[in-house]
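Chemist:
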Amino acid sequence: MLDATAGPFPGDGVVAPAPPAPYAEMITQDPPPLRIGMLATSIRSKIPIDPEVAGAVHEAAVLLERLGHTVDEDSPATLHDEELIGSFGPGWAVGVAHSLEQLGEWIGRDLTEDDVEPMTWVLAQRGRQMPALDLARSTDAAMTFRRLMAQWWLDGHDLLLAPTCLRPPAKLGEMSATAKDPAEAVRTTLAYSTMTAPFNTTGQPAISLPLARSSGGLPIGIQLVAAYGKEHVLLQVARQLELEVRWADQRSPLHP
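So that you can map any letter, position 22 of the sequence shown is 157 in the working numbering, and since no number is skipped, the others follow by simple counting.
Next up, the structure:
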């Protein structure tokens, strides 16, 4: 499927490099020994990582070393720059406002507060009122972030090993917001989105693998991030790990 759908359209402003060979062919090959940086802590000072999740990252590192890769405790310094990452906010708000406007055009009417979740509506309202200069600064900050992040991979690492989320899976309804406190959902969600959102900004390929289980029996996702355009490396390592862990054989107690 990836081979059939990958590739640019005429006029695309950003184009990812083509893989060295078809993905279906490359996924059957083991990668060479890779240098992998491990991040088993939180990148937000006010949101700690759950010990079970941190332990799962360390276990994944041991498994990767057993497969012939080198793992060291290292990660991009820029990933820990909370001030820089926080400056992306205006861009996100304007993006939400634009998305709701487009959805309204598709369905033939303006969306209202009743159509979306409370925090989505708050972000859209902020986006509509955002000064153009704030958006320009946010866009510039995102470009700076992408360039600084890319340097870590250029300096010698092939992959970053990190948790997908800082906590085990949330309970149903835990991330729901209310009109009284729309930001509540965002504060809760940060524990689950903090480690993945940066790579939406950089455009780097990342993959989440269910390599561990929580004490409650739920999957703990372990994330691997490659350099821009290196999707084939992720797929090769993911295949190695799947053959070792065999997560497809692990069934939920609800569906024995």
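Where a beta carbon is used, it is the ideal one built from N, C-alpha and C, also for glycine.
Predicted, not measured: the structure shown is a model, and the values here were computed from it.
Mind checking M136: buried by the 16 CB within 10 Å criterion, or exposed?
Modeler: Here residue 136 corresponds to residue number 1 of the sequence shown, with the count starting at 1. When all chains shown are included, M136 counts as exposed.
Chemist: Inspect the CB distances between the segment 262-278 and the segment 153-172 and report whether three or more fall short of 8 angstroms.
Modeler: No, because fewer than three Cβ pairs between the segment 262-278 and the segment 153-172 fall closer than 8 angstroms, the two stretches do not touch.
Chemist: With A341 as the anchor, note down where its alpha helix (DSSP H) starts and where it stops.
Modeler: Residue 341 sits at position 206 when you count from the first residue of the sequence shown. No alpha helix (DSSP H) contains A341, which is instead part of the beta strand (DSSP E) from 341-348.
Chemist: Just reading off the beta strand (DSSP E) that L359 is part of, what are its end residues?
Modeler: As a working mapping, residue 359 is identified with position 224 in the sequence shown. Element bounds for L359: 354-361.
Chemist: Hey, L301 and I342: beta-carbon distance below 7 angstroms or not?
Modeler: As a position in the sequence shown, residue 301 is number 166, starting the count at 1. As a position in the sequence shown, residue 342 is number 207, starting the count at 1. Taking 7 angstroms as the Cβ cut-off, L301 and I342 do not qualify as a contacting pair.
Chemist: Measure the beta-carbon distance from V206 to E200 and round it to whole angstroms, keeping in mind my assumption that it falls under 8 angstroms.
Modeler: Translated into positions along the sequence shown, residue 206 becomes position 71. Translated into positions along the sequence shown, residue 200 becomes position 65. Indeed they touch by this definition, with Cβ atoms about 5 angstroms apart.
Chemist: Does the contact criterion of 3 or more C-beta pairs under 8 angstroms hold for the segment 206-220 versus the segment 164-178?
Modeler: The segment 206-220 vs the segment 164-178: in contact.
Chemist: What ranges does the beta strand (DSSP E) occupy inside the segment 259-301, keeping only unbroken runs of at least 3 residues that lie completely in it?
Modeler: You should have 294-298.
Chemist: Identify which residue in A139, Q260, S177, Q164 has its Cα closest to the Cα of S328.
Modeler: For the purposes of this step, residue 328 is taken as residue 193 along the sequence shown, with counting starting at 1. That would be S177, whose Cα lies nearest to the Cα of S328.
Chemist: Starting from the C-beta of P166, find all residues in its chain whose C-beta is less than 7 angstroms away, skip the five residues before and the five after it, and write them out in chain order.
Modeler: The residue you call residue 166 lines up with position 31 of the sequence shown. So the list reads V368, Q371, V372, once near-sequence residues are dropped.
Chemist: Report the partner residues of V149 according to the DSSP bridge assignment.
Modeler: Indexing the sequence shown from 1 puts residue 149 at position 14. According to DSSP, which records beta bridges pairwise, V149 is partnered with nothing at all.
Chemist: Which term fits P303, buried or exposed, when burial requires 16 or more other beta carbons within 10 angstroms of its beta carbon?
Modeler: Counted from its first residue, the sequence shown places residue 303 at position 168. Looking at its Cβ environment, which holds 16 or more other Cβ atoms inside 10 Å, P303 is buried.
Chemist: Pull the bridge partners of G172 from the DSSP assignment, please.
Modeler: Numbered from its first residue, the sequence shown carries residue 172 at position 37. Paired residues: D207, L295.
Chemist: Indicate the three-state DSSP secondary structure (helix, strand or coil) for H215 in the structure shown.
Modeler: Residue 215 sits at position 80 when you count from the first residue of the sequence shown. Helix.
Chemist: For a test of the three-state rule: what should DSSP assign to V229, helix, strand or coil?
Modeler: As a first step, residue 229 is located in the sequence shown; it is residue number 94 there, counting from the start. Of the three classes helix, strand and coil, the one that applies to V229 here is helix, per DSSP.
Chemist: Looking at the unbroken alpha helix (DSSP H) that takes in P186, where does it start and where does it end?
Modeler: Position 51 of the sequence shown, counted from the start, is the residue given in the question as residue 186. Unbroken alpha helix (DSSP H) run through P186: 186-201.
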